[in-house]
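Working notes, structure below.
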Amino acid sequence: MAIRDIVLMGDPVLRTEAEEVTSFDDALRKLVDDMFETMYHAEGIGLAAPQIGISRRVMVIDLRREDEPEARLALVNPRVVWAGSDRDKQAEGCLSIPGIEEVVERPWEVTVEGLDPAGRPVTVEADELFARALQHEIDHLDGILFLDRISPLKRRMALKKWKKLQDGEVG
Ligand code: NI
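As structure tokens, this is what we get:
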């Protein structure tokens with residue numbers, strides 16, 4: 194396993210629609226292992242392959258709690274197949290946009306279908322933070338960042354703060 198570099202907002206790979214995975218081989222398993230290790234090292238709860246510069250539809254999440262032991266998983270080619278009508282607003286961050294947090298409104302509950310790293314079909318029914326993390330990571334596979342899901346005014350302010358952080362002017 195290896196810790197990979199996390200790419201930051203501004204890298205075009207984060208704006209590219211990632212490719213479907215078709216081979217469920219050792220290379221895929223190695224990628225998944227590296228993604229978990231990179232995510233744990235960065236103290237994140239989710240990571241998508243484009244965030245380490247790999248434009249493939251692979252994501253990992255780990256937010257296990259006592260009441261949700263299944264919430265550690267790697268998903269390949271995941272898609273949201275159902276979203277509830279209740280919406281939820283919570284602060285979100287992203288390992289590719291460190292230092293920026295914004296409240297994002299998303300469906301509170303989703304069903305996601307995908308494959309595990311061995312190519313077996315998986316269905317995940319999730320709510321609350323688990324649902325939010327799944328949606329955030331699947332967005333990455335479509336080249337979408339959470340800042341795309343806030344108001345233009347808030348986005349402008351967040352981008353300004355991000356630029357300052359990148360220039361080393363604050364924090
Ligand atoms: Ni992210």
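All letters in the sequence shown, in the order written, are residues 194 to 364 by the working numbering.
Cβ atoms here follow ideal geometry from the backbone N, Cα and C, with glycine treated the same way.
No experiment lies behind these values; they were computed from the predicted model shown.
Please say whether VAL269 and VAL214 have beta carbons closer to each other than 7 Å?
yes
Where HIS303 and GLU230 are concerned, what is the direct C-alpha to C-alpha distance, given to the nearest angstrom?
Residue 303 is actually Val in this sequence, not His. One C-alpha to the other measures close to 26 Å.
Cβ-Cβ separation, LEU224 to MET232 (assumed contact under 8 Å), whole Å:
No, MET232 and LEU224 are not in contact; Cβ-Cβ is about 12 Å, not under 8 Å.
Quick one: what's got a C-beta closer than 7 Å to ILE199's C-beta in the same chain, skipping five residues either side?
THR231, ALA235, GLN244, ILE245, LEU288, SER289
Which of the three DSSP states is assigned to GLU330 in this structure?
helix
Please classify GLU263: is it buried, with 16 or more other beta-carbons within 10 angstroms of its beta-carbon, or exposed?
exposed
Same chain, Cβ closer than 7 Å to ASP219, neighbours up to 5 away in sequence not counted:
none
Taking only the alpha-carbon atoms, compute the straight-line gap between GLU294 and GLY237 and give it to the nearest angstrom.
13 Å
I'd like the ranges of any alpha helix (DSSP H) spanning at least 4 consecutive residues and lying wholly in the segment 209-297.
219-234
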